[in-house]
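Peer 1: Residue numbers (the working numbering), protein chains in the order written: chain D, 1 to 268; chain V, 1 to 266. Take a look at this one; I'll ask things after.
Right, dumping it as C-alpha cells:
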C-alpha cells in the first residue's frame with residue numbers, strides 16, 4: 001500500500017530540515033539573524049514614527065497593529081514558499097522534469113524541497129508581535145472583529161504565498177526575471193508595514209487596490225480599530241481580506257498551471 | 001595600475017554587462033523601492049514640519065533615489081563567490097596565480113561597480129529626478145567628492161564581503177554570517193532611514209566604530225551637501241580610513257587562512 005501524499009511531503013520536509021541543521025552554528029545564526037531582521041523591520045517603522053510622533057495620522061498602537069500583521073503574514077509565507085523562486089534554477093537546468101515525473105503536485109513538491117526551517121523563528125515572532133499588538137490596541141471587540149482578528153493573518157499569509165508563487169511562475173516564461181518578483185514580495189512586505197495613506201498618487205492606488213496590498217494589513221487594521229479609510233474607501237470594503245486572499249490564490253494557482261503547461265524542458 | 005589589473009577591471013565590467021535582463025530586473029526593483037521609501041519619508045517630513053533630521057524635501061528625495069542607485073553599485077547584499085570556492089576547494093587555483101586573489105577580486109568588483117554605475121545607478125536616479133525632482137548640489141567641489149565617496153563605498157563594501165568570504169576557511173558555511181551582515185549593513189548603513197534620525201550616542205558609535213555608514217550614508221551625505229564642505233571632507237576622510245583598515249584586515253586574515261590551508265594539507 002502506497003504512502004499517502006501527505007506522508008511523502010512530510011518526509012521531504014523532514015529530510016530538508018535535517019540537511020539544513022547540519023551546519024549547526026550557521027543554522028542558529030540564521031534563525032536568530034532572521035528574527036533580528038524582523039524585529040529591526042518593525043523597529044525601523046518606529047524610528048520613523050518617533051520623528052513626527054505619528055505615521056499617516058495613526059497612533060503608535062495602531063501603527064504597531066499594521067506593522068505586526070504585515071510582519072507575521074509575510075514571515076509565515078516566507079517560511080512556507082519563500083524559496084520557490086529556486087524554480088528558476090529548476091527550469092534552467094531542466095531539473096523541473098524530475099518533479100513532473102512524480103505523481104504529486106509539482107508546486108507542493110517544490111515548496112517541500114525548499115522549505116526553510118530557519119524562518120520558523122521569525123514567523124512565530126511575527127505572530128507574537130501581532131497578538132501583543134491586538135492586546136495593546138484600542139479595539140472594541142465584537143464577533144465580527146474577533147473573526148477579523150483571526151482571519152486577517154491567515155488571509156495575509158495566503159496573499160503573500162500567492163504572490164511568491166506567482167512571482168516564481170514568471171520563470172516558466174522568463175528565466176532571467178531575477179529580482180523582479182522581489183519588488184512585489186519584499187516590496188510588498190515593506191509597503192504593507194506602513195499605513196497606506198502615507199503613499200501618494202498612482203503608486204498608492206496601484207499597490208493598495210490594484211495588487212491588493214491594502215488588504216494584508218491596512219484595511220483589516222482599520223476594520224479592527226473601527227476607523228474609516230482617511231482616503232474615503234467605503235467601510236464595508238475593509239472586511240474583504242479573505243475574499244481577496246482567495247482570489248489571489250486562484251490567480252496564482254492558475255498562473256502556475258499555465259506555466260507548467262508552457263514548460264518544455266531543456267532537451268537532452 | 002598594472003596591465004593585468006586593468007584587464008581584470010575590464011573583465012569584471014564585461015562579465016556583468018552580459019547580464020542584461022538581470023540588470024533591467026534589478027533596476028526595476030530598486031525603482032519600486034524608491035517610490036515606496038520616498039513617499040514614506042516625504043509623508044514623515046510633511047507631518048514633522050517639512051524636514052526629517054535636517055534633510056528637507058529635495059534632500060530626502062535625493063537620499064532615497066540616489067540611495068537606491070548606490071545600493072546597486074556597492075552591491076553589499078550579494079556575496080562574492082569566494083566562500084563557495086573555499087568550500088569546494090577551487091580557491092587553491094586562485095592562490096596559484098601570480099596575482100594576490102585579494103586584488104583579483106577587488107579589480108573584478110570595481111569593474112562590476114563601473115557597469116552598475118552606468119545602468120543601475122542611472123536608471124532609478126533618472127526616475128526619481130523625473131517623478132520627484134532631486135536636490136542639485138550647489139558647490140562644484142561636491143561633483144568631485146561624490147564620485148570619490150562612491151568609490152570608497154564600493155571598496156569598503158568589497159573588503160567587508162571579502163572578509164566574510166574568508167571566514168569560510170574556518171566555518172565552511174557563511175549563510176549565517178552573511179545574513180547578519182545584510183541586516184547590519186542595511187540598518188546601520190543608512191538604507192532604511194537617514195542615520196541622523198537615531199539618538200546621538202548610537203549615531204556617533206556607528207560612524208566612529210563601524211564601517212557601515214561608509215557604505216551608503218557617507219556618499220549620500222556628500223551628494224546632498226550635508227553639513228557643508230568641512231563635514232563632506234570629514235566624511236570622505238573617514239571612508240578612506242575604513243578602506244585602509246578593512247583592506248589591511250583582508251590581508252592579515254588571508255595570510256592566516258593560507259596558513260590554515262597549508263596545515264590541512266591543501
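No residue lacks a Cβ here, since even glycine has one placed at the ideal position from N, Cα and C.
Mind checking residue 228 of chain D: buried by the 16 CB within 10 Å criterion, or exposed?
Peer 2: So residue 228 of chain D ends up on the exposed side.
Peer 1: When we look at the beta-carbon of residue 200 of chain V and count the other beta-carbons within 10 Å, is it buried (16 or more) or exposed?
Peer 2: Exposed.
Peer 1: Any idea if residue 124 of chain V is buried or exposed, counting beta-carbon neighbours within 10 angstroms, 16 or more meaning buried?
Peer 2: Counting Cβ neighbours within 10 Å, residue 124 of chain V comes out buried, since at least 16 surround it.
Peer 1: Would residue 252 of chain D pass as a contact of residue 166 of chain D if the rule is Cβ separation under 8 angstroms?
Peer 2: Closer than 8 angstroms, so yes.
Peer 1: Put residue 52 of chain V into one of helix, strand or coil per three-state DSSP.
Peer 2: Residue state, collapsed to three classes: strand.
Peer 1: According to DSSP, simplified to helix, strand and coil, what is residue 58 of chain D?
Peer 2: Residue state, collapsed to three classes: strand.
Peer 1: Looking only at C-alpha atoms, which of V/79, V/210 and V/23 sits nearest to residue 114 of chain V?
Peer 2: It is V/23.
Peer 1: Quick one: which chain D residues come within Cβ less than 8 angstroms of residue 197 of chain V?
Peer 2: Result: 47, 48, 50 and 51.
Peer 1: Please go through the same chain and pick out, in chain order, the residues whose beta-carbon is closer than 6 angstroms to the beta-carbon of residue 231 of chain D, but skip the five residues on each side of it.
Peer 2: Around residue 231 of chain D: 197.
Peer 1: I need the straight-line Cα distance from residue 157 of chain D to residue 239 of chain D, nearest angstrom please.
Peer 2: Roughly 16 angstroms between the two C-alpha positions.
Peer 1: Are the C-beta atoms of residue 162 of chain V and some chain D residue less than 8 angstroms apart?
Peer 2: No, residue 162 of chain V does not count as interfacial toward chain D.
Peer 1: Out of D/118, D/44, D/163 and D/149, which one is the CA nearest neighbour of residue 65 of chain D?
Peer 2: Measuring from the Cα of residue 65 of chain D, the nearest candidate turns out to be D/149.
Peer 1: Measure the C-alpha to C-alpha separation of residue 74 of chain V and residue 67 of chain V and round it to an integer number of angstroms.
Peer 2: If I take the Cα positions, the gap works out to 10 angstroms.
Peer 1: Quick one: list the residues of chain V neighbouring residue 23 of chain D, beta-carbon separation under 9 angstroms, in chain order.
Peer 2: Going along chain V in sequence order, the residues near residue 23 of chain D (Cβ under 9 angstroms) are 171, 172, 173, 175 and 176.
Peer 1: Report yes or no: is there a C-beta of chain D within less than 8 angstroms of the C-beta of residue 29 of chain V?
Peer 2: At least one chain D Cβ lies under 8 angstroms of residue 29 of chain V.
Peer 1: With burial defined as no fewer than 16 other Cβ atoms inside 10 Å of the residue's Cβ, what is the status of residue 29 of chain D: buried or exposed?
Peer 2: It counts as buried.
Peer 1: Would you kindly report the start and end of the unbroken alpha helix (DSSP H) that includes residue 63 of chain V?
Peer 2: Residue 63 of chain V -> alpha helix (DSSP H) spans 57-74.
Peer 1: Quick check: what's the CA-CA separation for residue 183 of chain D versus residue 27 of chain V?
Peer 2: C-alpha separation (whole angstroms): 10 angstroms.
Peer 1: Taking the alpha-carbon of residue 194 of chain D as reference, which of D/26, D/124, D/63 and D/22 has the nearest alpha-carbon?
Peer 2: The shortest C-alpha separation from residue 194 of chain D is found at D/63.
Peer 1: If we cut at 8 angstroms on Cβ distances, does residue 179 of chain V have a partner in chain D?
Peer 2: Closer than 8 angstroms: yes.
Peer 1: How many angstroms separate the CA atom of residue 132 of chain D from the CA atom of residue 90 of chain V?
Peer 2: Spanning the two alpha carbons is a distance of roughly 50 angstroms.
Peer 1: Is the Cβ of residue 187 of chain D closer than 8 angstroms to any Cβ of chain V?
Peer 2: Yes, because at least one Cβ of chain V sits closer than 8 angstroms to the Cβ of residue 187 of chain D.
Peer 1: Please name the residue in V/15, V/51, V/21 and V/121 whose C-alpha comes closest to that of residue 34 of chain V.
Peer 2: Selected option, being the one with the closest Cα: V/121.
Peer 1: Starting from the Cα of residue 262 of chain D, find the closest Cα among D/39, D/144 and D/174 and give me that residue.
Peer 2: Comparing Cα-Cα distances from residue 262 of chain D to each of D/39, D/144 and D/174, the minimum goes to D/174.
Peer 1: Given this structure, state the Cα-to-Cα distance separating residue 212 of chain D from residue 110 of chain D, to the nearest angstrom.
Peer 2: Cα to Cα, residue 212 of chain D sits roughly 26 angstroms from residue 110 of chain D.
Peer 1: Leaving out the 5 sequence neighbours to the left and right, which residues in its chain are closer than 7 angstroms to residue 84 of chain D when beta-carbon positions are compared?
Peer 2: Cβ neighbours of residue 84 of chain D beyond the five flanking positions: 110, 111, 114, 164, 165 and 168.
Peer 1: For residue 105 of chain V, which residues in the same chain have their Cβ closer than 7 angstroms to its Cβ, ignoring the five residues on either side in sequence?
Peer 2: So the qualifying residues of the chain are 80, 82 and 162.
Peer 1: Take the Cβ of residue 224 of chain D as the centre, count every other Cβ of all protein chains shown within 10 Å, and call the residue buried at 16 or more, exposed below.
Peer 2: Under this definition residue 224 of chain D is a buried residue.
Peer 1: If you draw a straight line from the C-alpha of residue 246 of chain V to the C-alpha of residue 92 of chain V, how long is it?
Peer 2: Roughly 23 angstroms separates the two Cα atoms.
Peer 1: Please name the residue, chosen from D/259, D/24 and D/226, that lies closest to residue 293 of chain D on a Cα-to-Cα basis.
Peer 2: This structure cannot speak to residue 293 of chain D, because chain D is shown only from 1 to 268.
Peer 1: Can you give the Cα-Cα distance for residue 11 of chain V and residue 18 of chain V, rounded to whole angstroms?
Peer 2: Their Cα atoms are separated by approximately 11 angstroms.
Peer 1: Relative to the C-alpha of residue 191 of chain D, which candidate in D/41, D/19, D/233 and D/96 has its C-alpha closest?
Peer 2: Residue D/41 is the option with its Cα nearest to residue 191 of chain D.
Peer 1: Please confirm whether residue 180 of chain V and residue 33 of chain D have their CB atoms less than 8 angstroms apart.
Peer 2: Yes, they are a contact pair.
Peer 1: Using a Cβ-Cβ cutoff of 8 angstroms, what residues of the stretch 86-102 of chain D are near chain V? List them in chain order.
Peer 2: Taking 8 angstroms as the Cβ-Cβ cut-off against chain V, none of the residues of the stretch 86-102 of chain D qualify.
Peer 1: Can you tell me whether residue 260 of chain V is helix, strand or coil according to DSSP?
Peer 2: Three-state result, residue 260 of chain V: helix.
Peer 1: Ends of the alpha helix (DSSP H) at residue 154 of chain D?
Peer 2: Segment 143-169, the alpha helix (DSSP H) holding residue 154 of chain D.
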